[in-house]
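In the numbering used here, the protein residues as written are 1 to 159.
Here is the structure we will look at, set down as structure tokens.
Following this line, the structure appears as structure tokens:
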């Protein structure tokens, strides 16, 4: 069986950043998958499920309500390794194209101190597994350490 592309990225060189993971063509449409890598794989601790779950709820809600990109959001969800998230957007896009969107998203999550959207038994299959203070912390850390002064090495996968 052939290795899938995401397993060919050298995770020992991968820094937190926003990367184009893949582009899929469905008929005449392109769907771009972004790798939003929040922690450095195999060097930093992974995120716990409670904060990952909280970020998922906040980000999915924010993104689908965004005036510019809301209609283009296909999916936002966590990576199994718990080092980041995948964002799928309709369109042939590059990482630099969405940095303003991702910056708005992470600022929103860093500043969010209300009831987490969908964090109720009737809305979510595991509503008790949430950690808003840690989600705020991680969003602020990614915003300050990566997004506010993002460099090319955090936009393009390492060789």
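Glycine residues also receive a C-beta, built at the ideal position from the N, C-alpha and C atoms.
Remember, predicted model here, so these are calculated numbers, not experimental data.
Next item on the list: Determine the DSSP secondary structure at residue 125, reduced to helix, strand or coil.
Entry: Walking along the chain shown from the start, residue 125 turns up at place 125. DSSP, reduced to helix, strand and coil, places residue 125 outside both helices and strands of the structure shown, so it counts as coil.
Item checked: Whether residue 76 touches residue 59 by CB criterion (8 Å) -> In the chain shown, counting from the first residue as 1, residue 76 sits at position 76. In the chain shown, counting from the first residue as 1, residue 59 sits at position 59. Judged by beta-carbon spacing, residue 59 lies within the 8 Å limit of residue 76, meaning their Cβ atoms are closer than that value.
Margin query: At a threshold of 7 Å, does residue 20 count as lining the ligand MG (C-beta to nearest heavy atom)?
Written below: You won't find the ligand MG in this model; it holds no ligand whatsoever.
Next item on the list: Go ahead and pull the three-state DSSP assignment for residue 146.
Entry: On the chain shown, residue 146 is found 146 positions in, with the first residue counted as 1. Three-state DSSP puts residue 146 in a helix.
Check: What does residue 77 pair with, by DSSP beta-bridge criteria?
Finding: Counted from its first residue, the chain shown places residue 77 at position 77. 86, per the DSSP bridge assignment.
Next item on the list: Would you mind sorting residue 42 into buried or exposed? The rule is 16 or more other CB atoms within 10 Å of its CB.
Entry: For the purposes of this step, residue 42 is taken as the residue at position 42 of the chain shown. Result: exposed.
Next item on the list: Return the residue from the list 82, 92 and 69 that minimises the CA-CA distance to residue 101.
Entry: Taking the first residue of the chain shown as 1, we reach residue 101 at position 101. It is 69 whose Cα lies nearest to the Cα of residue 101.
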